[in-house]
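S.K.:
In the working numbering, the protein residues as written are 1 to 71.
(1) To which residues of the same chain is residue 36 closer than 6 Å at the C-beta, ignoring the five residues directly before and after it?
(2) According to DSSP, simplified to helix, strand and coil, what is residue 38?
(3) Given that a residue counts as buried once 16 or more other Cβ atoms are within 10 Å of its Cβ, and exposed if not, what is residue 60?
(4) For the alpha helix (DSSP H) containing residue 67, list its first residue and its last residue.
(5) Tell me where the alpha helix (DSSP H) around residue 54 begins and ends.
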C-alpha cells in the first residue's frame, strides 16, 4: 500500500480554471509578484532584465509552475 503523503497530484482544467487535486484537497493558487527595488531605481534594464526573466522561467519549469504574463 502506497502512502498518500507521496502521491502526485493531478491537474484538471475546468471552465477556464485550473485546479490541482490531491488526496483530500482541491486548490487553485495564483500569485501576483511585484518587485520594487529601494528608491525605485531602475535595476532591471537590458541584460539584467533578460537574465532575471530567464532565471524565473527556469525555476517555473523546475517546479512545474505556469507564468501567465510578464510586464
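The beta-carbon is built from N, C-alpha and C at its ideal position, and this holds for glycine as well.
M.R.: Well, looking at it:
(1) Answer for residue 36: no residue qualifies.
(2) Looking at residue 38 - three-state DSSP - the assignment turns out to be helix.
(3) exposed
(4) That residue, residue 67, is in no alpha helix (DSSP H); it is neither H nor E in DSSP.
(5) 46–62
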